[in-house]
Every structure is written in structure tokens, then in C-alpha cells.
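Numbering follows the working numbering, in which position 39 of the sequence shown is assigned residue number 625; successive positions increment by one, without gaps. Glycine included, every Cβ here is placed at the ideal spot set by N, Cα and C.
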Amino acid sequence: MQDISCFGMQDIRFEIGPIRPPSEAYSLLLRITRNCPWNKCLFCHIYKGRRFERRSVKEVKEDIDNAYRIAQQLRELSWRLGAGGEISREVLHYVFGHPYNECFRMIALWLHLGGRTVFLQDANSLVLKAQDLAEILTHLKERFPQVERITSYARSRTIARTKTVEDLKLLREAGLTRLHLGLETGWDPLLDYMRKGVTASQHIEAGRKIMEAGIELSEYVMPGLGGRRWWREHALKTAEVLNQISPHFIRLRTLMVLPQMPLWERIREGEFELESEEEVVREIRLFVESLEAESYLVSDHILNLLGELEGKIPEEKPKLLGIIDRFLSLSPDEKLNFCLGRRAGVYERLDDMEDLVRFNQVEELKRKLEREYPGGVEGAIFRMKEAFL
587 MQDISCFGMQ DIRFEIGPIR PPSEAYSLLL RITRNCPWNK CLFCHIYKGR RFERRSVKEV
647 KEDIDNAYRI AQQLRELSWR LGAGGEISRE VLHYVFGHPY NECFRMIALW LHLGGRTVFL
707 QDANSLVLKA QDLAEILTHL KERFPQVERI TSYARSRTIA RTKTVEDLKL LREAGLTRLH
767 LGLETGWDPL LDYMRKGVTA SQHIEAGRKI MEAGIELSEY VMPGLGGRRW WREHALKTAE
827 VLNQISPHFI RLRTLMVLPQ MPLWERIREG EFELESEEEV VREIRLFVES LEAESYLVSD
887 HILNLLGELE GKIPEEKPKL LGIIDRFLSL SPDEKLNFCL GRRAGVYERL DDMEDLVRFN
947 QVEELKRKLE REYPGGVEGA IFRMKEAFL
């Protein structure tokens with residue numbers, strides 16, 4: 587293929603933050619704020635040591651303009667490559683095979699997949715005034731009218747204390763379609779212990795405001811967060827809070843603790859004891875059994891052992907409990923096989939264990955780890971899970 591220059595446009599960039607939900611893997615990432623305004627949760631390490639900053643409306647609109655300029659440059663490249671202005675697979679391969687910066691690559695992949703979704707970063711975009719955020723959203727839609735879904739993280743406390751239903755409706759009308767909230771737990775003593783900075787009643791108030799405003803709501807629950815001491819209260823009270831909100835989505839994000847998280851020190855001192863994989867699954871069972879919210883349950887993160895746990899509550903609750911009970915009915919050796927196979931990427935679903943080639947592959951890996959790996963199979967599984975964060 588003839589080499590085509592990058593048009594001298596490698597200096598065009600827009601700011602990209604560190605994280606986004608798995609469901610936004612192919613969205614355009616637009617940074618509204620830097621880091622987290624709370625930043626005290628014991629189970630989080632993402633923003634520790636970093637100062638929170640609000641970006642100005644002017645800054646963010648300039649980023650949107652730069653993203654638009656990159657899109658125009660990519661369409662020009664497409665014409666030169668004979669793709670008629672479309673960001674075809676050929677154009678995508680060209681961009682990733684040449685020294686374009688990460689912003690060009692993000693926009694190229696985004697446009698190749700339709701360019702219809704945008705995620706607002708970082709931890710709490712709703713900390714901006716509603717009018718300012720609406721101005722940003724309006725500009726975004728003007729530059730990219732094909733966008734159909736705009737989503738963001740937000741904090742329940744921020745919405746409960748600083749946003750009215752009218753504020754949220756303004757944002758919905760400007761283009762905001764979904765909010766992702768870290769509920770984590772609905773039990774006040776655990777919220778306090780983990781320094782979450784919010785109460786169960788604020789979770790409920792914020793969730794109801796979002797639902798009333800007509801914005802899709804995705805609430806995140808953290809199985810394992812109560813540890814061996816508080817797992818039952820965590821499961822029951824979290825379900826109780828969600829039953830009073832009935833969000834569109836309930837997403838599971840199983841607790842994983844790294845040494846750089848403040849919670850690690852409490853584990854080291856013996857104050858907090860992590861649950862085993864099986865114990866977390868038993869906790870999830872109690873949680874699902876207690877749910878009556880009209881919501882869609884999703885287990886869309888690799889840290890969740892049972893990734894196939896997905897369905898409508900309450901209609902598909904028997905199906906979901908059946909999946910959980912199927913795992914719990916396995917023998918101890920079979921449970922360890924599935925845990926290792928899931929973490930090693932050999933299995934995605936329980937049915938995958940019925941493939942003897944894959945089952946035996948995991949068994950061989952298990953024997954090798956038992957012989958050679960410090961900490962054995964359990965230690966290896968922990969290291970695999972570390973890599974997921």
C-alpha cells in the first residue's frame with residue numbers, strides 16, 4: 587500500500603482520563619473533570635494522590651472541537667485510501683499501523699464502529715453545574731449529530747444534595763442518556779466503614795431523582811465488600827435499597843483488593859477478612875433472592891466469577907438462581923477447576939467445563955501450579971485477578 591503522510595496533524599489531541607465502564611469500551615471518552623472529588627473510599631486506588639479539578643466549559647468544548655478535527659482528518663485519509671470517506675477496516679488498519687497518536691486511534695475505532703456512544707470522564711461529571719454540563723453536551727451533539735448515547739459516572743451524594751429533577755431533565759434534553767452510580771452497598775455501617783461518603787437514604791434519593799428525570803440508571807454493586815463478617819447484612823440491605831429504586835441496570839463488580847488500596851492495610855492487620863470465591867457466590871445468591879426491583883442484572887466484568895449471570899428481575903430470578911446453584915453443586919475439585927479456568931480465560935460459562943479438552947487443560951494447569959507456584963492454585967488465581975485491575 588502506498589504510504590500516506592499523517593498530514594502533520596499529530597499534535598491534535600484531546601484529554602483522556604484513566605477509566606470507563608466495560609460497557610463503554612468503544613465509546614468516545616470525553617474528560618469533563620479530572621480525578622475524584624471524594625477520593626476516600628478504602629476499596630479504590632485509581633485517583634489516590636491526585637487532586638480533583640473541574641475542567642472549564644471552554645476547555646472541554648476545545649477538546650470536542652479537536653475530536654471533530656481529527657474525525658475530519660480521518661475522513662480525508664479515507665478518501666486518499668480509496669474508501670470514500672468511510673472509516674473502513676482498511677483505514678483502521680492503516681491508522682493503527684502508523685504513528686498516529688492515541689486520540690486519532692480512538693476516534694478511528696469509534697467512527698469505524700458507528701460513532702454513536704460517548705462516555706464523560708472522570709469519576710463524577712455531575713459535580714459541574716447543570717447549565718455548564720448542558721452547554722458541553724449541546725456542543726458535542728452539534729459537532730457529532732450521529733451520537734445516540736451519552737453516559738457518565740456520578741455520585742449519589744452529589745445528585746441528592748446538589749441536583750434537582752429539573753436539573754437532570756435539562757441534562758437529559760441536552761443529550762445525557764445514562765448515569766453509572768457506584769452504590770457498592772446499601773448498608774449504612776458498611777458505607778461508613780469503607781468511607782464511601784454517602785448514606786443509603788442518599789442512594790435512594792439520587793436514584794429516584796434520576797429515574798424520575800427519564801435518564802437510564804445503572805447501579806453498581808460490589809459483592810464481597812462486607813467480607814466474612816458483614817456479608818449477610820451487605821447482601822440484604824443492598825437488595826433493600828435497590829428495591830426502592832428499581833434502576834434500569836444492576837451491575838456486579840466483585841471486590842478485588844490491591845496493595846495500593848487503603849483496605850489492604852486493614853486486611854493485613856486482620857481487621858477485614860476477604861471471602862473466598864465460593865463465599866462470594868453464596869452472598870450473590872442471597873442478594874439475588876432478595877431482589878424485587880424491576881431491573882436488569884448484569885455481571886459484565888472479568889472479576890465476577892459467574893459472567894453468565896444476566897437477566898431480568900424479577901421474571902428471570904429462577905434462571906439466575908439456577909446458574910448460581912449449579913456452581914454451588916459442583917464438587918470442591920470442580921469448583922477450583924472452574925475458578926482457575928475462568929480466571930485463566932479458558933472458560934466463560936459453566937457449560938465450558940463440559941468440553942473435555944478445555945477441562946483437562948485446566949486440570950493440567952492446576953497440577954502444575956500446585957507443584958511450582960508459590961501459594962499454589964489459590965495464589966495464582968489471586969495474581970490473575972490482580973491483572974484485571
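| task | Tell me whether residue 887 sits in a helix, a strand or coil according to DSSP, three-state version. | result | Residue mapping note: residue 887 aligns to position 301 of the sequence shown, counting from 1. Here residue 887 sits in coil by DSSP.
| What is the DSSP secondary structure of residue 846, counted as helix, strand or coil? | Taking the sequence shown and counting its residues from 1, one reaches residue 846 at position 260. Reduced to three states, the DSSP call for residue 846 is coil.
| field | Member of 777, 774, 666 and 703 whose CA lies at the smallest distance from the CA of residue 761 | value | Taking the sequence shown and counting its residues from 1, the one referred to as residue 761 is at position 175. Ranking 777, 774, 666 and 703 by Cα distance to residue 761 puts 703 first.
| said: Output needed for residue 947: all residues of its chain with C-beta closer than 7 Å, excluding positions within five of it in sequence on either side, in chain order. | reply: Counting from 1 along the sequence shown, the entry for residue 947 is found at position 361. So the qualifying residues of the chain are 932.
| request: On the DSSP bridge assignment, give the partners of residue 838 in chain order. | output: The residue you call residue 838 lines up with position 252 of the sequence shown. Bridge partners of residue 838: 807.
| field | residue 734 classed as buried or exposed, judged by whether at least 16 other C-beta atoms fall within 10 angstroms | value | On the sequence shown, position 148 is the one that residue 734 refers to. A residue is called buried once 16 or more other Cβ atoms fall within 10 Å of its Cβ, and residue 734, having fewer, is exposed.
| request: Could you check the C-alpha separation between residue 970 and residue 724 for me, to the nearest Å? | output: Counting from one through the sequence shown, the residue named residue 970 turns up at place 384. Counting from one through the sequence shown, the residue named residue 724 turns up at place 138. Our two residues, residue 970 and residue 724, have alpha carbons roughly 42 Å apart in a direct line.
| message | Rounded to whole angstroms, what is the Cα-Cα separation between residue 814 and residue 612? | response | Here residue 814 refers to the residue found at position 228 when the sequence shown is read from its first residue. Here residue 612 refers to the residue found at position 26 when the sequence shown is read from its first residue. Rounded to whole angstroms, residue 814 to residue 612 spans 37 Å at the Cα level.
| said: Given this structure, state the Cα-to-Cα distance separating residue 657 from residue 667, to the nearest angstrom. | reply: To locate residue 657, count along the sequence shown from 1; it is residue 71. To locate residue 667, count along the sequence shown from 1; it is residue 81. Between residue 657 and residue 667, the C-alpha separation is close to 15 Å.
| request: Going by CA-CA distance only, name the one from 865, 788 and 843 that's closest to residue 821. | output: Indexing the sequence shown from 1 puts residue 821 at position 235. Answer by Cα proximity: 865.
| query | Going by C-alpha distance, which of 626, 891, 830 and 843 is nearest residue 880? | reply | Taking the sequence shown and counting its residues from 1, one reaches residue 880 at position 294. Ranking 626, 891, 830 and 843 by Cα distance to residue 880 puts 830 first.
| query | Would the beta-carbon of residue 621 fall within 7 Å of that of residue 636? | reply | Here residue 621 refers to the residue found at position 35 of the sequence shown. Here residue 636 refers to the residue found at position 50 of the sequence shown. Yes; because the gap between Cβ atoms is below 7 Å, this pair is in contact.
| field | Cβ pair residue 743, residue 713 closer than 7 Å | value | One-based indexing of the sequence shown puts residue 743 at position 157. One-based indexing of the sequence shown puts residue 713 at position 127. Not a contact, by the Cβ cut-off of 7 Å.
| residue 959 by DSSP, collapsed to three states: which one? | As a first step, residue 959 is located in the sequence shown; it is residue number 373 there, counting from the start. Correct three-state label for residue 959: coil.
| task | Verify the CB distance criterion: does residue 901 have a CB-CB separation below 7 Å to chain C? | result | Of the protein chains in the structure, only one exists, and it is not chain C.
| task | Leaving out five residues on either side along the sequence, give the residues of the same chain with a beta carbon under 7 Å from the beta carbon of residue 934. | result | Position 348 of the sequence shown, counted from the first residue, corresponds to residue 934. Cβ neighbours of residue 934 beyond the five flanking positions: 893.
| query | Which whole-angstrom value is the C-beta distance of residue 729 and residue 650, which I expect to be below 8 Å? | reply | Numbered from 1 along the sequence shown, position 143 holds the residue referred to as residue 729. Numbered from 1 along the sequence shown, position 64 holds the residue referred to as residue 650. Confirmed, about 5 Å.
| request: Could you tell me which of 964, 968, 788 and 805 sits nearest to residue 768, measuring between CA atoms? | output: Here the question's residue 768 lines up with position 182 in the sequence shown. When C-alpha distances from residue 768 are compared across 964, 968, 788 and 805, the shortest belongs to 805.
| Touching by the beta-carbon criterion (3+ pairs, under 8 Å), the region 844–851 and the region 796–804 | no
| request: Take residue 601 as the anchor and find which of 642, 936 and 844 has the nearest alpha-carbon. | output: The residue given as residue 601 occupies position 15 in the sequence shown. Out of 642, 936 and 844, 642 has the C-alpha closest to the C-alpha of residue 601.
| field | Alpha-carbon to alpha-carbon, residue 915 and residue 940 | value | Taking the first residue of the sequence shown as position 1, residue 940 is located at position 354. Taking the first residue of the sequence shown as position 1, residue 915 is located at position 329. If you take the alpha carbons of residue 940 and residue 915, they lie about 15 Å apart.
| message | How far does the beta strand (DSSP E) with residue 707 in it extend, from its first residue to its last? | response | Within the sequence shown, the letter at position 121 stands for residue 707. Residue 707 -> beta strand (DSSP E) spans 703–707.
| task | Return the Cβ separation of residue 772 and residue 823 in integer angstroms, given the expectation that the two are a contact with Cβ distance under 8 Å. | result | If you number the sequence shown from 1, residue 772 lands on position 186. If you number the sequence shown from 1, residue 823 lands on position 237. Indeed, because the Cβ distance is near 4 Å, the residues count as touching under 8 Å.
| task | On the DSSP bridge assignment, give the partners of residue 802 in chain order. | result | To locate residue 802, count along the sequence shown from 1; it is residue 216. Per DSSP, 764.
| task | Look at residue 869 and residue 816 and say whether their C-beta atoms are less than 7 Å apart. | result | Within the sequence shown, numbered from 1, the residue matching residue 869 stands at position 283. Within the sequence shown, numbered from 1, the residue matching residue 816 stands at position 230. No, Cβ-Cβ distance for residue 869 and residue 816 is not below 7 Å.
| message | Rounding to the nearest angstrom, what Cα-Cα distance links residue 623 and residue 634 in this structure? | response | Counting from 1 along the sequence shown, the entry for residue 623 is found at position 37. Counting from 1 along the sequence shown, the entry for residue 634 is found at position 48. About 11 Å.
| query | Within the present structure, is the beta-carbon of residue 811 separated from the nearest heavy atom of the ligand ADP by less than 6 Å? | reply | Although the ligand ADP was asked about, the structure shown includes no ligands whatsoever.
| request: Using DSSP bridges, identify the partner residues of residue 899. | output: The residue given as residue 899 occupies position 313 in the sequence shown. 881.
| Among the residues of its own chain, which have a CB less than 7 Å from the CB of residue 764, if the five just before and after it don't count? | Mapped onto the sequence shown, residue 764 falls at position 178. So the list reads 735, 737, 801, 802 and 804, once near-sequence residues are dropped.
| field | Cut-off 6 Å between Cβ atoms - residues of its own chain near residue 647, not counting five sequence neighbours on either side | value | Residue 647 sits at position 61 when you count from the first residue of the sequence shown. Taken in chain order, the residues that qualify are 725.
| query | Going by beta carbon distance, what residues of the same chain come within less than 7 Å of residue 599, once the five residues before and after it are set aside? | reply | As a working mapping, residue 599 is identified with position 13 in the sequence shown. These residues qualify, in order along the chain: 652, 687 and 689.
| request: Could you tell me which of 793, 875 and 846 sits nearest to residue 835, measuring between CA atoms? | output: Start at 1 with the first residue of the sequence shown, and residue 835 comes out as number 249. Out of 793, 875 and 846, 793 has the C-alpha closest to the C-alpha of residue 835.
| said: Quick check on residue 962: buried or exposed, where buried means 16 or more other Cβ atoms within 10 Å of its Cβ? | reply: Residue mapping note: residue 962 aligns to position 376 of the sequence shown, counting from 1. Under this definition residue 962 is an exposed residue.
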